[in-house]
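Below is one structure, written out as structure tokens, with a few remarks after it.
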Amino acid sequence: MKIAICDDVSAIADKIEDILENYCDLNKLDLDILQFTDTESVKEYLLNGNSIDLIFLDIEFPDKSGIDLANFIRNIREDYATEIIFISGSDKYFRDLLEFQPITFISKPFMDLEIIEGFEIFLKRLNLLNLKFSYKKNGYTYLIPYNDILYFESNGKRINIYSENVFDSFYGSILELDMDINYNSFIRIHKSYVVNIDKVTSVKKDVLILTNGVQLPIGRMYEDELKKYIMGMKQNV
């Protein structure tokens with residue numbers, strides 16, 4: 001997830017970043033945070049082909065306001081995928097902000113909980129808290145329920161997703177995937193495979209057999225970890 005914080009007061013931006021990082025550390029969520037001190041820098045970033053999933057946007061700046069940036073995002077770029085949380089020391093702008101469909105409006109000074117609550121609404125909209133895997137492809141974010149996924153396969157610079165109903169692929173590495181998955185039923189069994197253990201019907205020597213009959217090899221360096229994982233599952237039954 002790519003989060004932007006646009007505020008001309010660095011102390012406020014730093015505080016928001018600390019709150020988000022602490023929350024994501026506790027919940028094992030991957031986060032990329034960018035700080036901007038003016039709205040023009042955000043515009044330039046977007047015009048260069050970059051994307052932002054969520055922006056915490058101050059309203060009052062010495063030059064162009066946060067409202068100008070919100071108008072650029074929603075009405076000029078016609079971008080309704082980038083979520084916006086407005087932050088301001090004055091609530092006089094509240095009615096003017098509704099047209100930009102923000103997640104919420106947070107008044108300064110704010111409490112940590114207000115930032116967290118706004119961020120959790122964003123997560124729910126992404127369905128990350130509803131146990132779905134997200135990946136990006138051709139500028140779009142796709143979501144697929146973890147429970148539908150059979151396994152991931154590394155294929156060069158791409159990751160193949162095999163599910164009960166869908167096959168798809170996206171650019172990425174198996175190492176990044178292994179660290180990013182927010183669902184504890186997945187385990188790496190080979191240099192090229194990460195498997196949903198709930199979809200495994202049997203284990204025979206160095207092979208896993210899945211519910212759809214597919215057989216996947218177990219790499220030697222992953223055998224012990226897999227055994228420990230399966231033993232742990234048995235103990236929890």
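Counted from 1, the sequence shown has number 87 at position 87 by the working numbering; the numbering is strictly sequential. For every residue, glycine included, the Cβ atom is placed at its ideal position computed from N, Cα and C.
- As a beta-bridge residue in DSSP terms, E153 pairs with N160 and Y193.
- Between D63 and I87, the C-beta spacing is not below 8 Å.
- Our two residues, I187 and D206, have alpha carbons roughly 15 Å apart in a direct line.
- With fewer than three CB-CB distances shorter than 8 Å, the segment 106-121 does not count as touching the segment 145-163.
- Counting along the chain, V207 sits inside the beta strand (DSSP E) bounded by residues V207 to L210.
- L216 is bridged by DSSP to L208.
- For the set L20, D8, K15 and I19, the Cα lying nearest the Cα of S41 is the one of D8.
- Contiguous beta strand (DSSP E) elements confined to the segment 100-146 occur at 104-107, 132-137 and 140-145, taking only those with 3 or more residues.
- With a cutoff of 8 Å on beta-carbon distance, D32 and K2 are scored as near each other.
- Remark: C-beta atoms of A70 and I52 do not approach each other more closely than 8 Å.
- Taking 3 residues as the shortest admissible run, the segment 58-93 contains the following complete beta strand (DSSP E) segments, listed from N- to C-terminal end: 83-88.
- In terms of CA proximity to E44, R77 leads the group F110, R77 and N165.
- When DSSP states are grouped into helix, strand and coil, S41 belongs to the helix group.
- Here D96 carries a helix assignment [DSSP, helix/strand/coil].
- Remark: three or more beta-carbon pairs, one from each stretch, lie closer than 8 Å, so the segment 165-183 and the segment 132-150 are flagged as touching.
- Rounded to the nearest whole angstrom, the C-alpha separation of F61 and Y93 is 14 Å.
- Here Q35 is near A13, since their CB atoms are less than 8 Å apart.
- Less than 8 Å separates the beta-carbon of L150 from that of S163.
- L29 carries a coil assignment under DSSP once its states are collapsed to helix, strand and coil.
- For D168, the enclosing beta strand (DSSP E) has its first and last residue at F167 to Y171.
- Annotation: the continuous beta strand (DSSP E) that includes I3 extends over K2 to C6.
- In the three-state reduction of the DSSP assignment, S51 falls in the coil class, being assigned neither a helical nor a strand state.
- Taking the Cα positions, D198 is about 6 Å away from S185.
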